[in-house]
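These protein sequence lines are chains S and H, in that order.
Going by our numbering, the first sequence wraps up at 344, each residue one higher than the last.
Going by our numbering, the second sequence wraps up at 426, each residue one higher than the last.
Note that CB positions come from ideal geometry on N, CA and C, so glycine has one too.
First comes the structure, then the notes that go with it.
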Amino acid sequence: MQTIRINNLVKCYADLCAVDNLSFEVQAGEIFGLLGPNGAGKTSTIRMIMDIIRPDSGSIEIMGQPPSLRTMERIGYMPEERGLYPDLKLLECLVYLAELKGMPRSRARARALDLLRRVDLSGYAGQKVRALSKGMQQKVQFIVTIMHEPELVILDEPFQGLDPVNTELIKAMIVELKHQNVSVVMSSHLMNQVEQMCDRILLVDHGQAKLYGPLHEIKARYGRRTVLVELSNGELFPGHLQGVLRVTRSGNQYEIVLAEDGSPASVLEQLVAARAPIARFEIGSMPLDQIFISVVAEHGKTSSVPADKEHRA
Amino acid sequence: MRKVLLVARHEFLTNLRRPGFIFMTLFVPVLGLVGLAVVSLAGGRAANLLREQFAPEGRPIAYVDHSGLFSPALPQYGKLFTQYPGEAQALQALRDRKETTVLVIAADYLQSGKVAAYSLRSGFSSQVASDSDTVRSFLIDHLVEGKIDPPTAARLRDPLNVVPVMLDQDGKPSTTGTTGVVLGFIIPYLMSILLIMTIFTSSGYLLQGIGTEKDSRVIELLVSSLSSTQLMAGKILGLGALGLAQVLFWVLSGWGLLLLASGLLALAGTLPVSLPQIGLSIVYFLLGYLLFGTLMAAAGALGTSLREGQQIAGIFSMGAALPFMAISFIFANPNSTLAVVLSYFPFSAPVTMMLRLGLTQVPWYQLLISTALLVGAVLVSLWAGAKVFRLGLLMYGKRASPTEVWRALRQA
Chain S
32 MQTIRINNLV KCYADLCAVD NLSFEVQAGE IFGLLGPNGA GKTSTIRMIM DIIRPDSGSI
92 EIMGQPPSLR TMERIGYMPE ERGLYPDLKL LECLVYLAEL KGMPRSRARA RALDLLRRVD
152 LSGYAGQKVR ALSKGMQQKV QFIVTIMHEP ELVILDEPFQ GLDPVNTELI KAMIVELKHQ
212 NVSVVMSSHL MNQVEQMCDR ILLVDHGQAK LYGPLHEIKA RYGRRTVLVE LSNGELFPGH
272 LQGVLRVTRS GNQYEIVLAE DGSPASVLEQ LVAARAPIAR FEIGSMPLDQ IFISVVAEHG
332 KTSSVPADKE HRA
Chain H
15 MRKVLLVARH EFLTNLRRPG FIFMTLFVPV LGLVGLAVVS LAGGRAANLL REQFAPEGRP
75 IAYVDHSGLF SPALPQYGKL FTQYPGEAQA LQALRDRKET TVLVIAADYL QSGKVAAYSL
135 RSGFSSQVAS DSDTVRSFLI DHLVEGKIDP PTAARLRDPL NVVPVMLDQD GKPSTTGTTG
195 VVLGFIIPYL MSILLIMTIF TSSGYLLQGI GTEKDSRVIE LLVSSLSSTQ LMAGKILGLG
255 ALGLAQVLFW VLSGWGLLLL ASGLLALAGT LPVSLPQIGL SIVYFLLGYL LFGTLMAAAG
315 ALGTSLREGQ QIAGIFSMGA ALPFMAISFI FANPNSTLAV VLSYFPFSAP VTMMLRLGLT
375 QVPWYQLLIS TALLVGAVLV SLWAGAKVFR LGLLMYGKRA SPTEVWRALR QA
């Protein structure tokens, strides 16, 4: 059964459509990446899943049901706008928020203490939330999200404001959730930061799906479109190559994006023919944001509305 | 319902621990205790001291007698009253600040009773002096001198010494004494002040709580855990219980103080507050709190920040303060049209009714109309509050326009 099933979702505001006919599914136990630039409609989509705002049209099913307070108890949600009770003690805050999600108090207490130990914050259980550093509060926010043992976890920009050490810690905990068969939806505008974790992704732009499917398939489809070449003398790169869309140079390295009719073999042939001193030749795996840029370039500008601001309800 | 109670419990406990709440709850009885200590230690002297602040006894008074009835002054008044032969000299003495009060008794005093009282602009107490018991006795004694026997003359000066006797529920007379009468005025007054203080603190905490939740963004977690109606209901319930607990504490400690006072000051012990009156105060407290609570909740949700929410809420608070602005009118005539209107108007009804209940027999139909209107207002504010609350909750940094509020209200 799909954890989330979304069909033809639309949410429009006065001047633009934040979500424009979006359809996708999230499978049980997978890490799903909801990716796209700022203002692409990620947060609006999540807020509709969480029943915070209502869609104009389209349908949402969570574990086979429309969003309701009952389904909400099975979801862990980390909003983009992080927030805790600054004047509560850390433990109280965790227990209260978990109780509101339907967890009995005694179990919530035990689990809170356990999770705090996991993220090295057990010493702070009796401290007020406002006494914690920003990084600590971020970790606490993640704990709040998974406190009530949800079956689906939705993380809006989960690594925002985290230092590299804590980023790794949270990443490890997300992977652990996956092993416990919890579905995870992660949204991010920093695609490279989350791509290695995702099983499947949806790339959105201007509220529309641009790419959707298993990450390795997408990578395979677009990965062959680049070639990385290093020369022992960068100056000797041939001036013109057939079947090439774009060449970016950094020092002696060249990143070659192939055109529709080009192939890595033909590039290699041409380089050899031009007697370029090849030190390295690699069929590139294109980073996700590069894939995104090329997809948007291919599709052309589908919408003329600027997407510089994220819309809120 | 479980979640409503969870929120209520949370609000009750977190606000109970606020230093401000603890301070205010303890402050009121402590103040009473201090007052009691002062009164019992200083005994009658304290009261005299207070009286002297206003009472003019012992202040010298100058007078000019055009009627001839008061010349010369009787020997017992020779010290206090200085007679001047003419107005000009007397007023000059006033200007030179040798005198503070000059009375000019008209030639036709016997027919008209006219006495012009001159004082310097700043002399509030001089004006009081001209209308004092001393002046009355002075006039009376001169008028009756030699015409009636001294005891009658003395009675004439002070013809009334009221012993208030109230019939209790069984129709038996019970003498509570003057203190009882005074308490009859003071207790509803104090109760109405406590009522408004509690309504304001509880609903203020409500406002503040929502403001902080919005400011700290925790609100998005909350609305994805429970419905906005549950959230609002829980908050109102929890803080209402807190306010009620506070009032209860005050009433009980007040009762204790009163018992202590009757022991210390040997006052007659019966409390001039009846059971129905206490019952009605609880009803008015609950309704008043519900009205202000929901409005404050909506205001808190609508404001972009805590501060803005407080500004919006200030408008409602004005309504509650109305009866205090009109308090002298209500005291003077608790059944005047103004008092009746204020006890119908839902915002001012709780306080006004509290005051009137202590002062007069409020007709039952007025109680009925007033509670009915209040209940109606509470229902409307609950209904509208829940809608506006939902709308306002998720608006950060953006103010809800009147159109948006109106649209939210129409979407049933």
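Hey, how far is the Cα of residue i from the Cα of residue j?
i, j, result
"L234/S", "S214/S", "18 Å"
"S267/H", "L45/H", "11 Å"
"G160/H", "R171/H", "15 Å"
"I324/S", "M222/S", "12 Å"
"V326/S", "E56/S", "21 Å"
"S334/S", "I62/S", "In this prediction, S334/S scores a pLDDT of 41, lower than 50, which makes its location untrustworthy; the coordinate-derived value is nonetheless stated afterwards. The straight-line gap from Cα to Cα measures roughly 29 Å."
"V149/H", "F343/H", "29 Å"
"A296/S", "M134/S", "60 Å"
"L40/S", "L53/S", "5 Å"
"L121/S", "V160/S", "5 Å"
"D25/S", "P98/S", "Residue coverage of chain S in this structure runs from 32 to 344, which leaves residue 25/S outside it and unanswerable."
"G372/H", "F338/H", "15 Å"
"I249/S", "R32/H", "56 Å"
"A398/H", "A45/S", "25 Å"
"M178/S", "L125/S", "8 Å"
"P316/S", "H247/S", "The question names Pro, but residue 316/S is Ser in the sequence shown. Approximately 10 Å, taken between the alpha carbons."
"Q97/H", "A87/H", "8 Å"
"T34/S", "Q191/S", "25 Å"
"A307/S", "E112/S", "52 Å"
"Q260/H", "T39/H", "6 Å"
"R256/S", "A71/S", "25 Å"
"K42/S", "A49/S", "6 Å"
"F449/H", "Y203/H", "As shown, chain H starts at 15 and ends at 426. That puts residue 449/H outside it, with no answer to give."
"N29/H", "A311/H", "16 Å"
Can you tell me whether residue i is buried or exposed, with buried defined as 16 or more other CB within 10 angstroms of its CB?
i, result
"A129/S", "buried"
"A353/H", "buried"
"W264/H", "buried"
"P269/S", "exposed"
"K170/S", "buried"
"I210/H", "buried"
"L20/H", "buried"
"D87/S", "exposed"
"G293/H", "exposed"
"S281/S", "exposed"
"S384/H", "buried"
"R345/S", "Residue 345/S is absent from the structure shown; chain S starts at 32 and stops at 344."
"T102/S", "buried"
"P348/H", "buried"
"I174/S", "buried"
"G328/H", "exposed"
"D187/S", "buried"
"V127/S", "In the sequence as presented, Val is not what sits at residue 127/S; that position holds Tyr. The residue in question, Y127/S, is buried, as its Cβ has 16 or more Cβ neighbours within 10 Å."
"A139/S", "buried"
"F403/H", "buried"
Is there at least one non-hydrogen atom of the ligand NAD closer than 7 Å to the beta-carbon of residue i?
i, result
"V326/S", "Only the bare structure without any ligand can be found here, which leaves the ligand NAD out of the picture."
Complete runs of the alpha helix (DSSP H) confined to the stretch 140-193 of chain S [at least 4 residues]: The stretch 140-193 of chain S is shown to contain whole alpha helix (DSSP H) runs of 4 or more residues at 165-177, in chain order.
In chain order, which continuous runs of the alpha helix (DSSP H) of length 4 or greater are located wholly inside the stretch 86-143 of chain H? 101-109 and 123-126
Quick test of the definition: if touching needs 3 or more C-beta pairs under 8 Å, does the stretch 295-310 of chain H touch the stretch 75-91 of chain H? no
For the stretch 355-412 of chain H, which segments carrying the alpha helix (DSSP H) assignment without a break, of at least 4 residues, lie completely within its bounds, in sequence order? DSSP runs (the alpha helix (DSSP H)) wholly in the stretch 355-412 of chain H: 363-373 and 378-407.
To be precise: take each residue of the stretch 232-258 of chain H, compare its Cβ to all Cβ atoms of chain S, and keep it if any distance is under 8 Å. Which residues remain? V232, I233, E234, L235, L236, V237, S238, S239, L240 and S241
Looking at C-beta atoms only, is the number of pairs between the stretch 76-89 of chain S and the stretch 195-215 of chain S that lie closer than 8 Å three or more? Output reads no: the stretch 195-215 of chain S does not touch the stretch 76-89 of chain S.
Hey, is the stretch 256-271 of chain S in contact with the stretch 85-95 of chain S, meaning 3+ C-beta pairs nearer than 8 Å? Touching, no.
What are the start and end residues of each continuous beta strand (DSSP E) run of 3 or more residues lying completely inside the stretch 45-100 of chain S, in chain order? If we require 3 residues or more, the beta strand (DSSP E) runs fully inside the stretch 45-100 of chain S come out as 48-58, 62-66 and 88-93.
In chain order, what residues of the stretch 18-32 of chain H put their CB closer than 8 Å to some CB of chain S? L20, V21, H24 and T28
Take every Cβ of the stretch 95-109 of chain S, pair it with every Cβ of the stretch 228-241 of chain H, and state whether three or more of those distances are shorter than 8 Å. yes
Using a beta-carbon distance cut-off of less than 7 Å, what residues from the stretch 125-146 of chain S approach chain B? The structure shown contains no chain B; the protein chains it does contain are S and H.
Any contact between the stretch 308-319 of chain H and the stretch 203-221 of chain H? By contact I mean 3 or more CB pairs, one from each, below 8 Å. yes
Check each residue of the stretch 103-117 of chain S: if its Cβ is closer than 9 Å to any Cβ of chain H, include it; give the result in chain order. M103, E104, I106, Y108, M109, P110, E111, E112, R113, G114, L115, Y116 and P117
Going along the chain, which residues of the stretch 70-101 of chain S sit with their C-beta nearer than 8 Å to a C-beta in chain H? M81, D82, I83, I84 and L100
Which runs of the alpha helix (DSSP H) fall wholly inside the stretch 193-253 of chain S and span at least 4 residues, in chain order? 195-210 and 222-226
As an exercise, report each continuous alpha helix (DSSP H) stretch of at least 4 residues that is fully enclosed by the stretch 236-310 of chain H, in chain order. 242-279
Any residues in the stretch 168-181 of chain S with a beta carbon nearer than 8 Å to a beta carbon of chain H? Which ones, in chain order? V175
Taking beta-carbon pairs under 9 Å, can you tell me which members of the stretch 206-217 of chain H lie near chain S? none
Contiguous alpha helix (DSSP H) assignments of at least 4 residues, all confined to the stretch 258-310 of chain S: Segments of the alpha helix (DSSP H) lying fully in the stretch 258-310 of chain S: 295-304.
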